[in-house]
């Protein structure tokens with residue numbers, strides 16, 4: 005593969021152009037080196053840098069040099085004289101900078117020769133010229149090869165037609181085949197263009213629904229046409245992203261479409277490695293865009309401060325640090341809990357005496373300007389933190405936050421981090437750091453849109469916790485102008501920029517309508533699914549009743565045990581359980597016995613020294629060590645149940661074997677408890693759900709732990725969040741295994757994990773065979789509404805598609821498409 | 013020079029929240045207080061009012077640290093600081 009050197013006056017321009025070009029080819033692009041700027045942060049070009057860049061990417065196949073303008077060309081020419089290896093062919097390209105670079109990168113990635121790449125790059129303006137109707141577009145005079153031997157006609161299915169990414173896929177697919185292929189758009193009637201040229205293919209202007217004629221000659225002509233037909237038939241892999249885009253308008257139900265914004269369907273809005281905009285937290289919101297300030301770059305080197313100015317400069321550091329600390333303390337005073345702790349600690353870091361001393365001595369000693377001194381001083385601390393690793397390394401983002409705040413203060417720029425607003429807004433950011441998200445006020449921040457992130461990213465988890473609509477992976481979100489009004493749909497991932505009055509009215513109507521639950525969970529065609537509440541203590545009962553929960557699907561009993569040095573006595577437990585049972589006379593209340601260990605350590609049952617607590621003595625296993633605790637608890641449950649009218653079921657957490665289920669059922673029976681079940685949280689229990697259900701009356705799936713154990717991914721590690729997703733097809737198959745066992749045994753199998761609270765996933769769970777769903781009360785309305793809009797067959801079809809999908813993204817997309825009428 | 017030993021009680025060690033509570037307490041004293049691990053030599057002691065120093069000390073739950081201070085009221089001040097370190101601040 006040839007190498008490519010990018011010469012520009014501006015490092016930022018060069019980086020952005022390269023980034024754009026690489027989006028076209030993914031990871032397998034050619035080696036690219038940038039020679040940009042004249043050093044020391046000065047705009048310009050430098051022949052030595054160009055020569056170095058050429059040496060860096062040189063390959064026997066040659067190096068192509070792309071330049072922006074003016075002296076870049078001169079620098080590049082001069083660089084040729086400095087080259088160490090005269091045998092490497094190097095060409096300077098007269099191609100347009102952005103288009104040419106993109107064309108060159110795509111062609112080079114396909115293995116083309118230096119001459120071919122250079123010619124392609126030079127013709128790269130063709131697409132734009134042809135589109136705008138300029139005369140004599142360059143680059144289209146490429147030979148279309150010998151007369152075609154085979155021809156097919158195919159219709160484009162993907163939403164954006166033959167845009168940049170499909171073009172790149174097409175060229176890559178054809179690059180290994182011995183065939184000359186041409187493509188013509190039957191709608192426009194223009195002459196065929198060679199299919200190995202990205203710029204030429206882009207001029208075909210083929211849109212969704214257009215039929216293209218593809219002709220091929222050569223030894224592998226048939227294979228080539230099959231490859232094209234396959235790609236087109238699969239919509240270039242873009243069909244799965246349809247639900248994330250604007251729905252097709254239909255006469256019966258006019259739908260909002262992205263108005264004019266960058267987000268509608270620009271060919272560059274979805275790179276080959278991304279799945280496009282993704283709704284990750286349901287709901288609809290309207291508001292003006294407020295952007296997170298862009299992150300700071302390291303301040304460039306400037307001249308040493310004269311000794312006479314150093315003292316004043318040092319004082320500025322002290323003042324800036326004090327001011328930042330004060331701001332942080334003021335913010336801390338406005339919040340509570342964990343957020344306050346984070347901010348207080350950050351304030352202390354901002355005026356840390358060691359840090360300030362180090363920065364000040366850089367100014368007074370070596371004449372650094374204050375912003376560079378602070379940057380470097382923080383860098384030294386960060387290096388120590390990195391070296392120590394673990395918890396300390398995890399604080400580096402906080403440290404960098406402090407650095408950015410002080411440096412911004414010194415530079416007189418807006419403080420990085422969450423904008424301070426009192427009017428409602430939609431937050432647009434590249435990505436959100438935990439320190440930012442801790443401060444989001446759902447009363448003013450109405451929705452979150454980020455460039456980065458996925459369904460289980462920090463942003464997504466936080467947005468769901470706050471009940472804020474969120475859309476992630478919106479690649480061009482930062483192009484949206486500050487202040488423009490957007491409608492954000494966190495369910496479909498759709499963002500409407502500058503909506504029409506009609507769209508606004510409709511959106512506001514929809515926002516005003518709160519999803520409520522009428523107390524009977526069922527699908528549109530009357531398939532009953534009990535919708536229950538998770539209750540963590542007697543205090544949360546009122547919320548469950550308010551939300552019209554049909555009962556309690558998971559009554560956690562840990563509250564009784566927390567903050568106790570020793571287990572609570574019988575009477576204390578009876579009183580606590582009775583409070584919850586009393587609230588649901590005649591209704592189902594499923595109580596879970598003590599679930600301690602791992603992330604819920606309790607001094608009297610869990611050992612502090614387990615190497616791997618998630619795989620240790622936890623859940624039902626704690627009863628091995630302290631069987632009397634379980635007996636006391638079962639006695640308390642039996643006594644409380646006898647005193648109240650609730651239909652009480654009792655279940656054990658973390659069952660892994662049939663024997664454990666048998667043992668638990670026997671202990672329950674000894675206390676006179678007869679409606680006995682187990683939690684299915686381990687793959688072992690899911691797979692043996694059949695024999696387990698022969699011994700107990702019901703089962704309840706704990707999806708969080710089931711995901712953790714199925715995927716072998718620690719729930720508490722943010723880095724593994726993508727694996728810890730209940731949408732993972734492997735997890736869905738585990739759930740299916742358990743639900744099917746329930747259907748076969750005619751015994752109820754419910755779900756009481758986080759998964760049940762995601763309306764779309766709730767429908768999948770119903771499709772997989774879950775008979776009840778238990779969730780936090782606030783989720784009941786949304787789940788009931790979606791279930792009420794779909795048929796059970798739709799749920800089943802969506803469940804099959806999701807469980808058979810190859811990835812979480814594909815599972816979500818497939819489910820969204822099959823449950824689509826629910827959203828109409 | 014007064015000197016006290018303290019055993020870190022916080023489960024996570026002298027980390028973010030415990031460190032910030034401790035640094036703030038030291039910062040309010042009219043004394044210079046240093047901290048070092050029991051196993052480290054006295055000359056490696058760090059400024060105990062610096063949260064970053066406290067964090068990079070890497071004192072884990074159960075580790076013994078040495079606090080040192082000089083001047084009026086040093087003994088009483090160190091006693092109060094020992095009390096903070098020997099409380100499980102995460103549990104509160």
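Protein chains in written order, with the numbering used here: chain A, 5 to 828; chain B, 13 to 104.
Where is the CB? At the ideal position from N, CA and C, for every residue including glycine.
Note that the structure is a prediction, hence the values are computed from the model and not measured.
| Asked | Found |
| --- | --- |
| Within-8 Å CB hit, residue 20 (chain B) to chain A | no |
| At least 3 beta-carbon pairs within less than 8 Å: the region 344-364 of chain A vs the region 59-79 of chain B | yes |
| Integer-rounded CB distance, given that residue 337 (chain A) should sit under 8 Å from residue 413 (chain A) | Contact doesn't hold; Cβ gap of about 19 Å is too wide. |
| Close-in-space but distant-in-sequence residues of the same chain around residue 420 (chain A) (CB under 7 Å, 5 per side omitted) | 297, 299, 300, 408, 409, 412 |
| Contact set for residue 38 (chain B): own chain, Cβ-Cβ below 8 Å, skip 5 residues either direction | 45, 60, 61, 93 |
| C-beta neighbour in chain B for residue 349 (chain A), strict 8 Å | yes |
| Minimum C-alpha distance to residue 748 (chain A) - residue among A:765, A:800, A:695, A:483 | A:695 |
| Cβ pair residue 492 (chain A), residue 476 (chain A) closer than 8 Å | no |
| Residue-chain proximity (residue 52 (chain B), chain A), Cβ-Cβ < 8 Å | no |
| Straight-line Cα distance separating residue 209 (chain A) from residue 400 (chain A) | 48 Å |
| Touching by the beta-carbon criterion (3+ pairs, under 8 Å), the region 626-637 of chain A and the region 680-699 of chain A | no |
| Distance CB(residue 51 (chain A))-CB(residue 76 (chain A)) smaller than 8 Å | no |
| Host beta strand (DSSP E) of residue 836 (chain A) (start-end) | Since the displayed chain A opens at 5 and closes at 828, residue 836 (chain A) lies outside it and no answer follows. |
| Distance CB(residue 715 (chain A))-CB(residue 727 (chain A)) smaller than 8 Å | yes |
| Member of A:643, A:752, A:196 whose CA lies at the smallest distance from the CA of residue 770 (chain A) | A:752 |
| Outcome for residue 126 (chain A) when other beta-carbon atoms lying within 10 angstroms are tallied against a minimum of 16 | buried |
| Span separating the alpha-carbon of residue 683 (chain A) from that of residue 797 (chain A) | 27 Å |
| Residue 309 (chain A) versus residue 13 (chain A) - alpha carbon distance | 27 Å |
| Residues of the region 28-44 of chain B with Cβ closer than 7 Å to any Cβ of chain A, in chain order | 28, 29, 32, 35, 36 |
| Inter-stretch contact (C-beta, 8 Å, three-pair minimum) for the region 809-816 of chain A and the region 784-796 of chain A | no |
| Identified DSSP bridge partners for residue 454 (chain A) | A:433 |
| Reduced DSSP category for residue 783 (chain A) - H, G, I as helix; E, B as strand; rest coil | helix |
| Among A:822, A:650, A:792, the one whose alpha carbon lies nearest that of residue 527 (chain A) | A:792 |
| Residue 99 (chain B) at chain A interface by Cβ criterion, 8 Å | no |
| Run of the alpha helix (DSSP H) containing residue 687 (chain A), from where it starts to where it stops | 687-691 |
| DSSP bridge partner residues for residue 534 (chain A) (one or two, in chain order) | A:776 |
| As assigned by DSSP and simplified to three states, the class of residue 296 (chain A) | coil |
| Beta carbon of residue 175 (chain A) nearer than 8 Å to that of residue 218 (chain A) | no |
| Alpha-carbon to alpha-carbon, residue 514 (chain A) and residue 480 (chain A) | 26 Å |
| Residue-level contact to chain B via CB, residue 356 (chain A), 8 Å cutoff | yes |
| Sequence-distant residues of the same chain with beta carbon closer than 6 Å to residue 86 (chain A), five excluded per side | 55 |
| Rounded straight-line distance, which links the Cα of residue 424 (chain A) to that of residue 272 (chain A) | In this prediction, residue 272 (chain A) scores a pLDDT of 29, lower than 50, which makes its location untrustworthy; no coordinate-derived value is stated. |
| CB contact check: residue 47 (chain B) to chain A, cutoff 8 Å | no |
| Neighbourhood of residue 91 (chain B) by C-beta, 6 Å cutoff - its chain only, sequence neighbours within 5 removed | none |
| Closest residue to residue 78 (chain B) among B:31, B:36, B:47, B:85 (Cα-Cα distance) | B:47 |
| Option in A:782, A:656, A:377 with minimal Cα separation from residue 671 (chain A) | A:656 |
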